[in-house]
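**Q** This is the structure, below, for whatever I ask next.
2 protein chains.
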Amino acid sequence: MSARPTIALDAMGGDNAPSAIVAGGEKAASELGVDVILVGRRDEIGETTLPVVEASEVIDMADDPARSVRGMKDSSLVRGAELVRDGAAAGFVSAGNTGAMVAASLLRMGRIKGIARPAVATTIPVPGTTPTVLLDSGAIADCQPQWLVQFAQMGSAFASRRFGYESPRVGLLSIGEEESKGNELVKEAHPLLAELDGINFIGNVEGRDIMSDAVDVVVIDGFTGNVVLKTLEGALRSLVGAVFGALADPDAGEGAASALGLLAPLANELDPDTSGGAMLLGVDGVSIIGHGSSNAVAIVNAIAVARDMAEAELVSAMRSAIGR
Amino acid sequence: MSARPTIALDAMGGDNAPSAIVAGGEKAASELGVDVILVGRRDEIGETTLPVVEASEVIDMADDPARSVRGMKDSSLVRGAELVRDGAAAGFVSAGNTGAMVAASLLRMGRIKGIARPAVATTIPVPGTTPTVLLDSGAIADCQPQWLVQFAQMGSAFASRRFGYESPRVGLLSIGEEESKGNELVKEAHPLLAELDGINFIGNVEGRDIMSDAVDVVVIDGFTGNVVLKTLEGALRSLVGAVFGALADPDAGEGAASALGLLAPLANELDPDTSGGAMLLGVDGVSIIGHGSSNAVAIVNAIAVARDMAEAELVSAMRSAIGR
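Taken in sequence, the protein lines are chains G and C.
So in the numbering used here, spot 137 of the first sequence is number 137, and the numbers just go up one at a time.
So in the numbering used here, spot 45 of the second sequence is number 1045, and the numbers just go up one at a time.
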């Protein structure tokens, strides 16, 4: 790998595309020690200091993932994934249609040999302690028990490289700590995980453990994982709104204003733009999925994660974790 | 029904039993216009102004629900449910083992005719707007699509009577608004709900809608529902802790102290003790499940809900909702 890795960036993906995406890409190129290639419609991207790979089609947020990826071969999502496949980029970042990003990465980068299904790993910030990695947070709704075993292996390799955890504690998300608790999927997955070598499986964990220091990697099917992720998003938005609303009350006085200042770092820590996006694990390349509402800062953070995971050779690590 | 309904209270259930439970029962009897009967071990309950129905056994929080209910016929959970079955009480409240409360209520009160499976309906406070009812939040982990249809009917009847919603908006919890999004269960349940008369089905909702004003009743299987509930619990605890931690910093000054005062009503609104517990829907009697950590205030609130639901004749309403 060159000293200065190249990251491909989908200029057309996300609610704030292309302007905020391009701004983020330019900022990353000047600050992060990476080369950034924009992928998209040159005329919509406009003036930029970055190289552009033309892609004439755009997959919309509401488009059907599999159909659009198959049908729109000149879309920015497909072209970006091809840059990684062809070795022209060490990673690809998009804040566009998540399902289409999963499909494009799968079809163009390919699956890592031995991996049954990919999984989206999302980083959940936990105030006062290290973040928790949740997977699958939305690639595949209905899962088989064996897939959860691979999610545990992939999530463990990812958490080690992303956050430096030495032996990440992996928990199976359920509705009670006892092995006998859960739905059929979880009850079948539990013994498979318990007998697995090479990961630090701590047993079942519950929803309340996700935002605590009890676990580092939480494994579950993509339906439950995505529901959990969006439930957390909604709860944080509601609560942060309520706290700031109470303190911003004009009758609240000056104390409240200074309290708002004290709470700003916490709000920033919890902001999804800070986390650097989710990572699609199990494909043969670095594929980073930004939040649809990503601003320029979120794009910079996502590119930093793409760079770090490329440099840490996460894909090779994943391959050996599964080969074990 | 008499002007002064009688509520049976499991004196032995919960982390703070029996003292906090008995204190809550006495407070409810003096303030709520209800008669309260304690159920449990007379010698452990000690001095009280309330009548006691002796039950020599106690089902522990960790006991297997079905086995303990079948084996411990003189337990407070079984005896309390029998008081409702026999008409000696209009409702039963316990902060003990949730699974055992479900089993005892099912076995002793019986299922409402036509109901396939019961569901636990939990009230989720939403700052700035009306609460959301989530069911099933833990009675049955693996569900059939048809059961979710009945959850929608039962949840709608409950939300109307509990919160006065005229035509509660019922949403199916999924991972996208489109009918095509979700796991197999949700994709099969969606058309059944869409063609159902008598409820206001608004389609799929996402996790982020739960703590918003977008929906009144959220329907899903008991595994996902319980994960959501505990995820919310953990997130609220983490966030409230972080906010109060930042403001309680000795360097934060006086402004922070006054800000804490401004936030106290919000913290109280979100406290599970405020919500009055969860209600088991589908059994032939009023069965209220308190949080395991219930204090006396939580018990008073739970008894108030039991009284209200008995007076509103929720069980009859449920029967006609299903008969429709």
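Cβ coordinates follow ideal geometry from the N, Cα and C atoms, glycine included.
Just so you know, these numbers come straight off a predicted model, no measurement behind them.
1) Would you say K230 (chain G) faces chain C, with C-beta separation under 8 Å as the test?
2) Please state if the CB of S1068 (chain C) and the CB of A1100 (chain C) are separated by a distance shorter than 8 Å.
3) If you follow the alpha helix (DSSP H) that S1294 (chain C) is in, where does it begin and where does it stop?
4) Determine whether the Cβ of T1224 (chain C) lies closer than 8 Å to any Cβ atom of chain G.
5) If L1236 (chain C) sits next to L1270 (chain C), beta carbons under 8 Å apart, how far is it from one beta carbon to the other, in whole angstroms?
6) Along the beta strand (DSSP E) that carries T1132 (chain C), what are the first and last residues, could you check?
7) Can you tell me whether T48 (chain G) is helix, strand or coil according to DSSP?
8) Given this structure, state the Cα-to-Cα distance separating N1301 (chain C) from T1274 (chain C), to the nearest angstrom.
9) Suppose the cutoff is 6 Å on Cβ atoms and the five residues either side in sequence are ignored; what does the same chain contact list for L1148 (chain C) look like?
10) Please state whether DSSP places I199 (chain G) in a helix, a strand or coil.
11) What does a CB cutoff of less than 8 Å around K108 (chain G) pick up in its chain, not counting 5 residues either side in sequence?
12) Please report the straight-line C-alpha distance between S1174 (chain C) and F1158 (chain C), rounded to a whole angstrom.
13) List the residues of chain G that R1208 (chain C) touches, going by C-beta distances under 8 Å, in chain order.
14) Say whether chain C places a C-beta atom closer than 8 Å to the C-beta of V218 (chain G).
15) With a threshold of 6 Å on Cβ separation, who are the neighbours of S105 (chain G) within its own chain once the five nearest residues in sequence on each side are excluded?
16) Out of C:I1299, C:H1291, C:V1315 and C:A1310, which one is the CA nearest neighbour of T1098 (chain C)?
17) If the cut-off is 8 Å on Cβ atoms, which residues from the stretch 116 to 148 of chain G count as contacting chain C, listed in chain order?
18) Going by DSSP, name the residue or residues bridged to F1158 (chain C).
19) Below 8 Å between beta carbons is the criterion; list the residues of the stretch 247 to 259 of chain G that meet it against any residue of chain C, in chain order.
20) Here's the rule I'm using: 16 or more other beta-carbon atoms within 10 Å means buried, otherwise exposed. How should T129 (chain G) be labelled?
21) Using 8 Å as the threshold, is the C-beta distance between G1198 (chain C) and A1321 (chain C) below it?
22) For the structure I just gave you, are there three or more beta carbon pairs, one from the stretch 1021 to 1038 of chain C and one from the stretch 1304 to 1317 of chain C, closer than 8 Å?
23) I'd like the ranges of any alpha helix (DSSP H) spanning at least 4 consecutive residues and lying wholly in the stretch 271 to 320 of chain G.
24) Less than 6 Å between C-beta atoms, sequence neighbours within five positions excluded: which residues of the same chain meet that for D216 (chain G)?
25) With a Cβ-Cβ cutoff of 8 Å, do D1221 (chain C) and G234 (chain G) count as a contact?
26) Beta strand (DSSP E) containing I124 (chain G): first to last residue?
27) Taking S94 (chain G) as the reference, which of G:L239, G:L314, G:G14 and G:V297 has the closest Cα?
28) Our contact map puts G40 (chain G) next to M12 (chain G) with C-beta atoms below 8 Å; I'd like the distance itself, whole angstroms only.
29) Expressed to the nearest angstrom, what Euclidean distance is found between the alpha-carbon atoms of E325 (chain G) and L1239 (chain C)?
30) When the distance is taken between beta carbons, is V1228 (chain C) closer than 8 Å to V227 (chain G)?
31) Name the two residues that bound the continuous alpha helix (DSSP H) containing L1232 (chain C).
32) Using the three-state DSSP reduction, which class does A996 (chain C) fall into: helix, strand or coil?
33) Mapping the DSSP letters down to three states, classify D1035 (chain C) as helix, strand or coil.
34) Measuring only between beta-carbons, confirm whether L262 (chain G) sits less than 8 Å from chain C.
35) Classify G1114 (chain C) as buried or exposed, calling it buried when 16 or more other Cβ atoms lie within 10 Å of its own Cβ.
36) Closest Cβ-Cβ distance between S294 (chain G) and chain C: below 8 Å?
**A** With the structure as the only source:
1) Here residue 230 (chain G) refers to the residue found at position 230 when the first sequence is read from its first residue. Answer yes: the Cβ-Cβ gap between K230 (chain G) and chain C drops below 8 Å somewhere.
2) If you number the second sequence from 1, residue 1100 (chain C) lands on position 100. If you number the second sequence from 1, residue 1068 (chain C) lands on position 68. In this structure, S1068 (chain C) lies closer than 8 Å to A1100 (chain C) by Cβ.
3) In the second sequence, residue 1294 (chain C) corresponds to position 294, counting from 1. Premise fails: S1294 (chain C) is in no alpha helix (DSSP H) and is neither H nor E.
4) Locating residue 1224 (chain C) in the second sequence gives position 224, where the first residue counts as 1. Output row for T1224 (chain C): interface = yes.
5) As a working mapping, residue 1236 (chain C) is identified with position 236 in the second sequence. As a working mapping, residue 1270 (chain C) is identified with position 270 in the second sequence. About 5 Å; that satisfies the 8 Å criterion.
6) Within the second sequence, residue 1132 (chain C) is the residue found at index 132, counting from 1. T1132 to L1135 is the span of the beta strand (DSSP E), which, as asked, contains T1132 (chain C).
7) Within the first sequence, the letter at position 48 stands for residue 48 (chain G). In the structure shown, T48 (chain G) sits in coil (DSSP, three-state: anything other than H, G, I, E or B).
8) Counting from one through the second sequence, the residue named residue 1301 (chain C) turns up at place 301. Counting from one through the second sequence, the residue named residue 1274 (chain C) turns up at place 274. Their backbone Cα atoms lie some 7 Å apart in a straight line.
9) Within the second sequence, numbered from 1, the residue matching residue 1148 (chain C) stands at position 148. The answer, listed in chain order, is A1189 and V1219.
10) Here residue 199 (chain G) corresponds to residue number 199 of the first sequence, with the count starting at 1. Coil, per DSSP.
11) Translated into positions along the first sequence, residue 108 (chain G) becomes position 108. In the sequence as presented, Lys is not what sits at residue 108 (chain G); that position holds Arg. Cβ within range, chain order: V78, A81, E82, V84 and R85.
12) Walking along the second sequence from the start, residue 1174 (chain C) turns up at place 174. Walking along the second sequence from the start, residue 1158 (chain C) turns up at place 158. Straight-line Cα distance between these residues: approximately 22 Å.
13) Start at 1 with the first residue of the second sequence, and residue 1208 (chain C) comes out as number 208. Residues of chain G passing the Cβ test: K230, T231, E233, G234 and R237.
14) For this step, residue 218 (chain G) is matched to residue 218 along the first sequence. Closer than 8 Å: no.
15) Translated into the one-based positions of the first sequence, residue 105 (chain G) becomes position 105. Excluding sequence neighbours, S105 (chain G) sits near A81, L280, V283 and S287.
16) By 1-based counting over the second sequence, the position of residue 1098 (chain C) is 98. Here the closest residue by C-alpha is C:H1291.
17) V126, P127, G128, G138, A141 and D142
18) Walking along the second sequence from the start, residue 1158 (chain C) turns up at place 158. The partner list for F1158 (chain C) (beta bridge, DSSP) is empty, contrary to what the question assumes.
19) L247, D249, A252, G253, E254, G255, A256, A257, S258 and A259
20) Taking the first residue of the first sequence as 1, we reach residue 129 (chain G) at position 129. It is exposed - the Cβ of T129 (chain G) has fewer than 16 other Cβ atoms within 10 Å.
21) Taking the first residue of the second sequence as position 1, residue 1198 (chain C) is located at position 198. Taking the first residue of the second sequence as position 1, residue 1321 (chain C) is located at position 321. Cβ distance < 8 Å, so G1198 (chain C) and A1321 (chain C) count as in contact.
22) yes
23) 296 to 311
24) Along the first sequence, read from residue 1 onward, the residue named residue 216 (chain G) stands at position 216. A159, Y165, P168 and R169, listed in sequence order.
25) As a first step, residue 1221 (chain C) is located in the second sequence; it is residue number 221 there, counting from the start. As a first step, residue 234 (chain G) is located in the first sequence; it is residue number 234 there, counting from the start. No, the pair does not count as a contact, with Cβ atoms beyond the cut-off.
26) Start at 1 with the first residue of the first sequence, and residue 124 (chain G) comes out as number 124. Element bounds for I124 (chain G): A119 to I124.
27) Looking up residue 94 (chain G) in the first sequence gives position 94. Answer by Cα proximity: G:G14.
28) Numbered from 1 along the first sequence, position 40 holds the residue referred to as residue 40 (chain G). Numbered from 1 along the first sequence, position 12 holds the residue referred to as residue 12 (chain G). The pair is a contact, with the Cβ atoms about 4 Å apart (cut-off 8 Å).
29) Outside the shown range of chain G, which is 1 to 324, sits residue 325 (chain G), and nothing can be said about it.
30) To locate residue 227 (chain G), count along the first sequence from 1; it is residue 227. To locate residue 1228 (chain C), count along the second sequence from 1; it is residue 228. Cβ atoms of V227 (chain G) and V1228 (chain C): closer than 8 Å.
31) For this step, residue 1232 (chain C) is matched to residue 232 along the second sequence. Its alpha helix (DSSP H) spans residues G1222 to A1248.
32) Outside the shown range of chain C (1001 to 1324) lies residue 996 (chain C), about which nothing can therefore be said.
33) Locating residue 1035 (chain C) in the second sequence gives position 35, counting from the first residue. DSSP places D1035 (chain C) in strand when its eight states are reduced to three.
34) In the first sequence, residue 262 (chain G) corresponds to position 262, counting from 1. Yes, contact with chain C.
35) Working through the second sequence from its first residue, we reach residue 1114 (chain C) at position 114. By the neighbour-count rule (16 or more Cβ atoms within 10 Å), G1114 (chain C) is not buried but exposed.
36) Here residue 294 (chain G) corresponds to residue number 294 of the first sequence, with the count starting at 1. Judged by the 8 Å Cβ criterion, S294 (chain G) is not in contact with chain C.
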